[in-house]
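Here the structure is laid out as structure tokens; the discussion comes afterwards.
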Amino acid sequence: MSNTKRIETARLILREYRIEDVEQVFINWASDPLCCQFLSFEPHKDLTETKKNVQNWIDNYDNGSFDWVIETKDNHEIVGSISVTNGHCALDLQNGIAEIGYCFGSKFWGCGYATEALRAVIEYLLTEAGMYLVEARHISGNPASGRVMQKAGMKKEAVLRGRRINKVTKERNDLYVYSITKDEL
1093 MSNTKRIETA
1103 RLILREYRIE
1113 DVEQVFINWA
1123 SDPLCCQFLS
1133 FEPHKDLTET
1143 KKNVQNWIDN
1153 YDNGSFDWVI
1163 ETKDNHEIVG
1173 SISVTNGHCA
1183 LDLQNGIAEI
1193 GYCFGSKFWG
1203 CGYATEALRA
1213 VIEYLLTEAG
1223 MYLVEARHIS
1233 GNPASGRVMQ
1243 KAGMKKEAVL
1253 RGRRINKVTK
1263 ERNDLYVYSI
1273 TKDEL
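Okay, so the sequence shown: first residue is 1093 according to our numbering, each after it adds one.
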């Protein structure tokens, strides 16, 4: 059973992936080098790579994953993704802790979509999905992501020194950890 409940905000629809999303996912963020510089994977080189990932996300819905594709309400353009269990983020059901990861194509940066989507998923996880704490991380080379987390109500709780290599500068970056609890919502 899927945990990926359809969520609507003022401007966005967060929903399960469909195989017909592959082309927009590829064009709008999965092949975007600016977007991928802060992610754990390199930009996709072709649609085949993106199709494989989208199919994996679809297949994992039966395992209870939380994987949303994010599209705009006005023109249904796919702008990004937000996930809990995507192979890079942790889910601890026993303790009610979910780690969120998100990405947005660079042409959608500065639109407020990330904050809007993150707030909605945090609220869902803490009020409906039984989580106590939601966590997110970003590298020091991506301070805009930290601002998104702060605007969504999260507080910085830790600095993990030298944990990631910045893909652009090739320098070690610290990893900042933010969180919000059910009591703080």
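Each residue gets a CB set at the ideal place from its N, CA and C atoms; glycine is no exception.
Since residue i contacts residue j with CB under 8 angstroms, what's their CB separation in whole angstroms?
i     : j     : result
V1206 : Y1194 : With the sequence shown as reference, residue 1206 is identified as Ala, and Val is not the correct amino acid for it. Going by Cβ atoms, the distance from A1206 to Y1194 rounds to 6 angstroms, so yes, they are a contact pair.
V1161 : I1111 : Going by Cβ atoms, the distance from V1161 to I1111 rounds to 11 angstroms, so no, they are not a contact pair.
A1209 : L1106 : 6 angstroms
Give the straight-line distance between the Cα atoms of residue i and residue j, rounded to the nearest whole angstrom.
i     : j     : result
K1199 : I1119 : 11 angstroms
C1203 : L1185 : 33 angstroms
I1214 : I1170 : 20 angstroms
N1095 : V1117 : 21 angstroms
L1225 : G1188 : 6 angstroms
E1220 : K1097 : 10 angstroms
C1128 : E1191 : 19 angstroms
Which residues in the same chain have their Cβ closer than 6 angstroms to the Cβ of residue i, if we skip the five residues on either side of it in sequence?
i     : result
G1179 : Residue confidence for G1179 is low, a pLDDT of 48 falling below 50, so the modelled location carries little weight; the figure read from the coordinates is stated next. Taken in chain order, the list of residues that qualify is empty.
T1142 : V1114, V1117, F1118, A1122, H1136
Rank the options by C-alpha distance to the C-alpha of residue i and give the top, closest one.
i     : options                    : result
A1228 : G1197, L1139, G1222, R1211 : R1211
K1259 : E1115, E1134, R1107, I1111 : E1134
L1139 : N1148, T1273, S1123, G1197 : S1123
Under three-state DSSP, which class holds residue i?
i     : result
E1115 : helix
S1173 : strand
V1260 : coil
N1255 : For the record, residue 1255 in the displayed sequence is Arg; it is not Asn. If DSSP states are grouped into helix, strand and coil, R1255 belongs with the strands.
D1275 : helix
D1154 : helix
G1179 : Unreliable placement is indicated for G1179, whose pLDDT of 48 sits below 50; the coordinate value is still reported in the next sentence. DSSP places G1179 in coil when its eight states are reduced to three.
C1203 : coil
Please return the same chain residues whose Cβ sits closer than 7 angstroms to the Cβ of residue i, not counting the five positions on each side in sequence.
i     : result
S1232 : N1265, D1266, Y1268
E1108 : S1094, T1096, Y1153
Using a Cβ-Cβ cutoff of less than 8 angstroms, which residues in the same chain neighbour residue i once the five nearest sequence positions on both sides are dropped?
i     : result
D1271 : It is Ser, not Asp, that sits at residue 1271 in the sequence shown. Result list for S1271: L1225, V1226, E1227, A1228, M1246, K1247, E1249, in chain order.
Closer than 8 angstroms, CB to CB, is residue i near chain C or not?
i     : result
N1120 : In the structure shown, chain C cannot be found, because there is only a single protein chain.
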